[in-house]
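**Q** Input: one structure, supplied below.
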Amino acid sequence: MSEGRRSQVVLLDERRLDIVIQSRLYAGELLDIVASHFNLKEKEYFGLSFIDESSHHSWLQLDKRVLEHDFPKKYTSQGAVLILYFRIKYYVESITQLRDSATIEAFYLQTKSLIAKVSQVCTVKEFWFTLALRFDIRHDDTKFVYPQHPPTPYRILDSPL
């Protein structure tokens, strides 16, 4: 087997998954591998991205080999670890459209992460979406769904939108 390219995939909960990417691996196959760590059944909402030269997320094309993408120069040097991000690519109008609780949890994790980052601007809609995810609104009750996640810090809730 030929040598691969060292990489890390940053997951929605900020954990990092170390993967050696072989030259023949397609981005869609890598997405399947990463999604399996969350037991996701609804993978169509997710994608893999990298941060480009202008500090924006650029999506990997699923039908293209991972190493054929145009990565920034900082990743092309010998021994540099390629950093990829597992993120939500397509949002839904309502979480009631999501069938799987693992997908709902993933939406919650990314939205929570975006709100927590000071550099990100959060819209009122995103804020209320995150709060809605804290409760099981699919069943029209207020049972707490994900107690393993810490509550949103008060400094974020008290900050102006």
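Here the UniProt record's numbering is used: position 26 in the sequence shown is 26, and no number is missing along the way. Each residue gets a CB set at the ideal place from its N, CA and C atoms; glycine is no exception.
#1: Thinking C-alpha only, which one of VAL92, ARG99 and TYR85 is nearest ARG15?
#2: Mapping DSSP to helix, strand and coil, what is GLY28?
#3: Starting from TYR90 and walking both ways along the beta strand (DSSP E), at which residues does that stretch end?
#4: Do LEU82 and LEU62 have their CB atoms nearer than 9 Å?
#5: Please report the residue range of the beta strand (DSSP E) in which ARG5 lies.
#6: Between which two residues does the alpha helix (DSSP H) containing THR76 stretch?
#7: By how many angstroms is the C-alpha of GLU3 removed from the C-alpha of TYR45?
#8: Of all the options SER94, ALA102 and VAL10, which has the alpha carbon lying nearest to the alpha carbon of ILE51?
#9: State buried or exposed for VAL66, treating a residue as buried only when at least 16 other CB atoms are found within 10 Å of its CB.
#10: Just to confirm before moving on: does the CB-CB distance between ILE95 and PHE71 stay below 9 Å?
#11: Could you give the DSSP three-state label for VAL81: helix, strand or coil?
#12: How about HIS57 and ARG87: are their beta carbons less than 9 Å apart?
#13: Taking the alpha-carbon of LEU60 as reference, which of LYS112, GLY79, LYS73 and LEU25 has the nearest alpha-carbon?
#14: What's the C-alpha gap between SER77 and SER49?
#15: Between the C-alpha atoms of VAL20 and SER7, what's the straight-line distance to the nearest angstrom?
#16: Per DSSP, which residues does LEU17 bridge with? Please list them.
**A** Answer, in terms of the structure:
#1: TYR85
#2: helix
#3: No beta strand (DSSP E) holds TYR90; DSSP gives it neither H nor E.
#4: no
#5: 5 to 10
#6: 73 to 76
#7: 31 Å
#8: VAL10
#9: buried
#10: no
#11: coil
#12: yes
#13: LEU25
#14: 19 Å
#15: 6 Å
#16: VAL9
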